[in-house]
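**Student:**
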């Protein structure tokens, strides 16, 4: 027993409550490290982003603490620049990885903010919640998505974003180019024109660097913004 190292049995109990995907959404290297941090009091019982409320409650029970209910979070794709909507500068034939493609002249899309469509988020999703659509954009299976954030962190352009499931509206665009530039290179991008902001009765929209940004705390999902949007960038997020 000279080399014996005591391990708190609660670490194993907490680890058994976690999904075991080692997705890293919690900020730790894997589920075991997250469990150890929870037991040590260095991480909250709700640190696991992928497990949802059932995991939070199970962890809290093992630790003997209370944990409030957590709202489910899911990924949304903040780009509508499909193969038919967005202009391309050249035909990319390199490594089929968005991280590699963005190193070649900034990517083949004329829009320097748009989805490159090579599926790096899809191939790295630990829950198989993403697939590539026929239009060249990733599609989220919201039933499988856990909101772990792997897709958001691995995308070189941060196109997938993690939002609360209750968020009703967003401008599905990441471009901060001016409206004249966007109009010339993408049929689906936000022009920063402000029509959505003017139409919103709740004053839930601001235009930040030519991009419409919705405050989910103020938005009631009335739909006035996406009815006025000339490109369809403003969209309902409720399936």
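Residue numbers (my numbering): 1 to 239. Where is the CB? At the ideal position from N, CA and C, for every residue including glycine.
(1) Starting from residue 110, trace the alpha helix (DSSP H) in both directions and tell me its first and last residue.
(2) Could you tell me how far apart the beta carbons of residue 26 and residue 34 are, in whole angstroms, since I believe they sit closer than 8 Å?
(3) Between residue 149 and residue 228, which are expected to be in contact by the criterion C-beta below 8 Å, what is the C-beta distance as a whole number of angstroms?
(4) Mind the definition here: the region 34 to 43 touches the region 145 to 165 only if three or more C-beta pairs lie below 8 Å; say whether that holds.
(5) With a threshold of 16 other CB atoms inside 10 Å of the CB of residue 58, please say whether the residue is buried or exposed.
(6) Which value, in whole angstroms, describes the spacing of the CA atoms of residue 198 and residue 182?
(7) Determine the contact status of residue 157 and residue 173, defining contact as a CB-CB distance below 8 Å.
(8) Count the other CB atoms, across all protein chains shown, that sit within 10 Å of the CB of residue 90; report buried if there are 16 or more and exposed otherwise.
(9) Taking only three categories from DSSP, how would you classify residue 36?
(10) Return the chain-ordered list of same chain residues with a C-beta closer than 7 Å to the C-beta of residue 11, the five sequence neighbours on each side being excluded.
**Tutor:** Result, derived from the coordinates:
(1) Position 110 of the chain shown, counting from 1, holds the residue named residue 110. Unbroken run through residue 110: none, as it is neither H nor E.
(2) On the chain shown, position 26 is the one that residue 26 refers to. On the chain shown, position 34 is the one that residue 34 refers to. Right, the Cβ-Cβ distance comes to about 5 Å (below 8 Å), so this counts as a contact.
(3) Taking the first residue of the chain shown as 1, we reach residue 149 at position 149. Taking the first residue of the chain shown as 1, we reach residue 228 at position 228. Not a contact, Cβ separation roughly 32 Å.
(4) no
(5) For this step, residue 58 is matched to residue 58 along the chain shown. When all chains shown are included, residue 58 counts as buried.
(6) On the chain shown, residue 198 is found 198 positions in, with the first residue counted as 1. On the chain shown, residue 182 is found 182 positions in, with the first residue counted as 1. Taking the straight line from one Cα to the other gives about 20 Å.
(7) Taking the first residue of the chain shown as 1, we reach residue 157 at position 157. Taking the first residue of the chain shown as 1, we reach residue 173 at position 173. Result no, Cβ atoms of residue 157 and residue 173 do not sit closer than 8 Å.
(8) Within the chain shown, the letter at position 90 stands for residue 90. Classification of residue 90: exposed, given that the 10 Å Cβ count is below 16.
(9) Taking the first residue of the chain shown as 1, we reach residue 36 at position 36. Correct three-state label for residue 36: helix.
(10) As a first step, residue 11 is located in the chain shown; it is residue number 11 there, counting from the start. For residue 11, where only same-chain residues beyond five positions count, the Cβ hits under 7 Å are 35, 36 and 39.
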